[in-house]
Amino acid sequence: MSWSHYRILLRVKDETARNWYMNEAANQTWSTRQLDRQISVLYYERLLASQDKKAVQIEANTKLSEIEPEQFIHDPYVLEFLNLKNYPALHESTIEQALIDNLQHFLLELGTGFCFESRQKLMRYENDDFYVDLVFYHSVLNCHILIDLKLGKLTHGDVGLPLYTFYYSL
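Under the working numbering, the sequence shown is numbered contiguously, ending at residue 170.
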């Protein structure tokens, strides 16, 4: 568990309840939000007081359902605001610069929770160095979103890395 988990647990006055929440959070791999929610709805106390403990557990588990990334990552993205023309000299760097120049529009197109972090970020993956075009942090999913911009056809080499790849076509 993280320090944030322990900070939340410190708010629980009853030592027995605190230990129970701590064990459940560790066993069930609750996020800090899930732990905070369970404490705020008095899950432990309701479980003790309930005649039908199974119903309370089922209700708690359905409320704790995992956040699906598909709820926050759109497909496809419409980048018409870039106003780029399809010409032979169009390069990925041109698209990247256009996205940076129109960062506010791009963040709105991406959706809720995206925070811009870096561009042309050096990454090391299995003894290979490569540059990720754009790096965002998603505040709801609590993860980094790595974007690799590509022009042209999708190849098997393009999908080999764990990146979210944007293909730009006009």
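Note that CB positions come from ideal geometry on N, CA and C, so glycine has one too. Just so you know, these numbers come straight off a predicted model, no measurement behind them.
Checklist entry - Is it true that the CB of leucine 35 sits closer than 9 Å to the CB of leucine 9? => result With contacts defined as CB atoms closer than 9 Å, leucine 9 and leucine 35 qualify as a contacting pair.
Item to check | Contact check, methionine 1 vs alanine 26, beta carbons under 9 Å | outcome: The Cβ atoms of methionine 1 and alanine 26 lie closer than 9 Å to each other.
Item to check | C-alpha gap between asparagine 19 and leucine 48, whole angstroms | outcome: Cα to Cα, asparagine 19 sits roughly 14 Å from leucine 48.
Checklist entry - Where do the ends of the beta strand (DSSP E) carrying histidine 105 lie? => result Per DSSP, histidine 105 lies in no beta strand (DSSP E) segment; the continuous alpha helix (DSSP H) that holds it begins and ends at 103-110.
Next on the checklist: Between Glu24, Glu15, Thr32, which has its C-alpha nearest histidine 5's C-alpha?
Outcome noted: Comparing Cα-Cα distances from histidine 5 to each of Glu24, Glu15, Thr32, the minimum goes to Thr32.
Checklist entry - Under the three-state reduction of DSSP, which class applies to glutamine 120: helix, strand or coil? => result In this structure, DSSP gives glutamine 120 an extended state, which the three-state scheme calls strand.
Checklist entry - Which residues share a DSSP beta bridge with valine 132? => result Valine 132 pairs with Lys121.
Item to check | Endpoints, alpha helix (DSSP H) assigned at leucine 35 | outcome: Where leucine 35 is concerned, the enclosing alpha helix (DSSP H) stretches over 32-40.
Item to check | C-alpha gap between glycine 113 and glutamate 96, whole angstroms | outcome: One C-alpha to the other measures close to 20 Å.
Item to check | Identity of the residues DSSP links to isoleucine 145 by a beta bridge | outcome: Partner residues in the beta bridge of isoleucine 145, as assigned by DSSP, are Phe136.
Item to check | Closest residue to serine 40 among Ser50, Lys13, Asn23 (Cα-Cα distance) | outcome: Closest option to serine 40, Cα to Cα, is Lys13.
Next on the checklist: Short of 8 Å in beta carbon distance, which residues of its chain neighbour glutamate 117, apart from the five on each side in sequence? Order them along the chain.
Outcome noted: Counting only Cβ-Cβ distances below 8 Å, and skipping sequence neighbours, we find Val135, Phe136, Tyr137, His144.
Item to check | Nearest-angstrom Cβ-Cβ length linking aspartate 128 and aspartate 148, presumed shorter than 8 Å | outcome: Contact doesn't hold; Cβ gap of about 14 Å is too wide.
Checklist entry - Would you call phenylalanine 130 buried or exposed, if buried means 16 or more other Cβ atoms sit within 10 Å of its Cβ? => result Classification of phenylalanine 130: exposed, given that the 10 Å Cβ count is below 16.
Checklist entry - Going by the beta-carbon positions, is the gap between serine 93 and cysteine 115 smaller than 9 Å? => result Result no, Cβ atoms of serine 93 and cysteine 115 do not sit closer than 9 Å.
Checklist entry - So glutamate 48 is in the alpha helix (DSSP H); what residue range does that whole segment cover? => result Per the sequence shown, the amino acid found at residue 48 is leucine instead of glutamate. Looking at the DSSP string, the run of the alpha helix (DSSP H) that includes leucine 48 is 43-49.
Checklist entry - Thinking C-beta only, is arginine 119 closer than 9 Å to isoleucine 100? => result The Cβ atoms of isoleucine 100 and arginine 119 sit closer than 9 Å to each other.
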